[in-house]
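Undergrad:
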Amino acid sequence: MNKRSKQRVALFFGGVSSEHEVSCVSASTWLRALQKSPCADKYDVICVGITKNGRWLACPTVTPETMADRSWEQSPDCVPCVLSPDRKDHGLWLLKDGKAELLPIDICAPVLHGKNGEDGTIQGLFELARIPYVGCGVLASAVCMDKAVANALMDAAGVPHCKWVAANRADLELNGPVVLDAVEAKLGYPIFVKPANAGSSVGITKATDRALLQKAVLVALNEDDKVVFEEFIDGQEVECAAIGNPDDPARVETTRPGEILAGAEFYTYDDKYKNGVSQTVIPAHLSEEKLDEVRAEARRAYLALGCAGLSRCDFFVERGTGRVLCNELNTLPGFTAISMYPKLMESVGVGFDELIDKLLQLAVHRRKGAY
Numbered sequence: 059m060n061k062r063s064k065q066r067v068a069l070f071f072g073g074v075s076s077e078h079e080v081s082c083v084s085a086s087t088w089l090r091a092l093q094k095s096p097c098a099d100k101y102d103v104i105c106v107g108i109t110k111n112g113r114w115l116a117c118p119t120v121t122p123e124t125m126a127d128r129s130w131e132q133s134p135d136c137v138p139c140v141l142s143p144d145r146k147d148h149g150l151w152l153l154k155d156g157k158a159e160l161l162p163i164d165i166c167a168p169v170l171h172g173k174n175g176e177d178g179t180i181q182g183l184f185e186l187a188r189i190p191y192v193g194c195g196v197l198a199s200a201v202c203m204d205k206a207v208a209n210a211l212m213d214a215a216g217v218p219h220c221k222w223v224a225a226n227r228a229d230l231e232l233n234g235p236v237v238l239d240a241v242e243a244k245l246g247y248p249i250f251v252k253p254a255n256a257g258s259s260v261g262i263t264k265a266t267d268r269a270l271l272q273k274a275v276l277v278a279l280n281e282d283d284k285v286v287f288e289e290f291i292d293g294q295e296v297e298c299a300a301i302g303n304p305d306d307p308a309r310v311e312t313t314r315p316g317e318i319l320a321g322a323e324f325y326t327y328d329d330k331y332k333n334g335v336s337q338t339v340i341p342a343h344l345s346e347e348k349l350d351e352v353r354a355e356a357r358r359a360y361l362a363l364g365c366a367g368l369s370r371c372d373f374f375v376e377r378g379t380g381r382v383l384c385n386e387l388n389t390l391p392g393f394t395a396i397s398m399y400p401k402l403m404e405s406v407g408v409g410f411d412e413l414i415d416k417l418l419q420l421a422v423h424r425r426k427g428a429y
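Numbering follows the working numbering, in which position 77 of the sequence shown is assigned residue number 135; successive positions increment by one, without gaps.
#1: Taking 9 Å as the CB-CB cut-off, is Asp102 touching chain C?
#2: If you drop the 5 nearest sequence neighbours on each side, which residues of the same chain put their C-beta closer than 6 Å to that of Glu288?
#3: With a cut-off of 8 Å on the beta carbons, I'd call Glu295 and Ile318 a contact; round off their distance for me.
#4: How about Thr119 and Asp135: do their beta carbons lie closer than 9 Å?
#5: Which of the three DSSP states is assigned to Tyr331 in this structure?
#6: Where do the N-terminal and C-terminal ends of the beta strand (DSSP E) with Val285 fall, by residue?
#7: Would the beta-carbon of Ala254 fall within 9 Å of that of Ala366?
#8: Taking Cβ to Cβ, would you say Phe393 is nearer than 9 Å to Val382?
#9: Checking the sheet assignment: what are the DSSP bridge partners for Thr179?
#10: Can you tell me whether DSSP reads Ala206 as helix, strand or coil?
#11: Go through its chain and collect everything with a Cβ distance to Met403's Cβ below 6 Å, but skip five positions before and after it.
#12: If you run the structure through DSSP and keep just helix, strand and coil, what is Val408?
#13: Who pairs with Trp151 in a beta bridge, going by DSSP?
#14: Assuming Asp102 and Arg66 are in contact, meaning their beta carbons sit under 8 Å apart, how far apart are those beta carbons, in whole angstroms?
#15: Helix or strand or just coil, what does DSSP make of Cys371?
#16: If we ignore side chains and look at the alpha-carbon of each, how far apart do Tyr331 and Arg188 end up?
#17: Strictly by DSSP, which residues pair up with Thr312?
#18: Report the option in Leu186, Pro96, Leu153 whose CA atom is closest to the CA atom of Val106.
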């Protein structure tokens, strides 16, 4: 049992992922919140940076600024570390000068985007160590990262979404023309081509003919060994924030959806995190009835996929028909200055500092009594 006056939070950032840089920016906003009241009155924080090469470094003197600009890696105060899977340890081993020092941890906050961060891998390590952690568990994290598996489960649960086809690398390399014939026949053009496992629109292409479709497959295969093909939906892109634990489904909450006004033809990684061209509108330009429908479907998808803690639920509202179609659930959405999830929570009166505190306590509550 924790005998310290404050709970110690291990804030993980960076990671071996194409989204390494944005993770550092998201985590810097977490660090700012944790270093000031009311969070500073309840939590101590130790920052653990994961380099692109996979080194784990405890960074006791990192600041939000050095975290965001990635200069933290050059700090002489960084110490190699490892999270012990031994449940008796319940913490980090700091490795310095040939010695190991155990640093007990109460909560892990993996502010990591993309592969090796929100795909169930690091969540599995937290489970082995039996340390409470922010966000979805192993299965939900893996499911939501894999677009093909998520689509299949949404089909089974009756969550509406667009028509889709999935194919693995072997199918595409051995029987590519046959696979693409089937894709064209089912979906028609234009077709969105996506790596099954990649975050934030990385590797996604809109194909309008066979030649572009073939090129799009190569782009997607550069990110993953499985490709998902989805029909084009002419609709508004809207997003809901969901928060809560599945063991208390009555208290799972979703916000009114916001709308993405993309600066590009579709909402790209650069649009989300780099060029700042996209705009957000909260609530989305929809009728009250349609806003409520999106919100209800977001909650249904969140529970159907077994999410916990938080997720951002992305939808299309098709023009003409008004159909509400789930695009995907993002289990660790961005926390940058332009990110939609914290903006959506703020729109319902939950400020950033309160949000961080709530997410940390949801992590503890989900595992209460298990430690």
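Cβ coordinates follow ideal geometry from the N, Cα and C atoms, glycine included. Bear in mind the structure is a predicted one, so any value in this text is a computation, not a measurement.
TA: Here's the rundown:
#1: The structure shown has no chain C; it contains just one protein chain.
#2: Cys220, Trp222, Phe250
#3: Contact check for Glu295 and Ile318: beta-carbon distance about 4 Å, within the 8 Å limit, so the pair qualifies.
#4: Yes, the pair counts as a contact, with Cβ atoms nearer than the cut-off.
#5: Confidence at Tyr331 is low in this model, with a pLDDT of 49, below 50, so the placement of that residue is unreliable and no value is reported for it.
#6: 284-289
#7: no
#8: no
#9: Thr179 is not bridged to any residue.
#10: Three-state result, Ala206: helix.
#11: The answer, listed in chain order, is Ala299, Leu413.
#12: coil
#13: Val140, Leu160
#14: 5 Å
#15: strand
#16: Here Tyr331 scores only 49 on pLDDT, less than 50, and its place in the model should not be relied on; the value that follows carries that caveat. Roughly 33 Å between the two C-alpha positions.
#17: According to DSSP, which records beta bridges pairwise, Thr312 is partnered with Ala300.
#18: The shortest Cα separation from Val106 among Leu186, Pro96, Leu153 belongs to Leu153.
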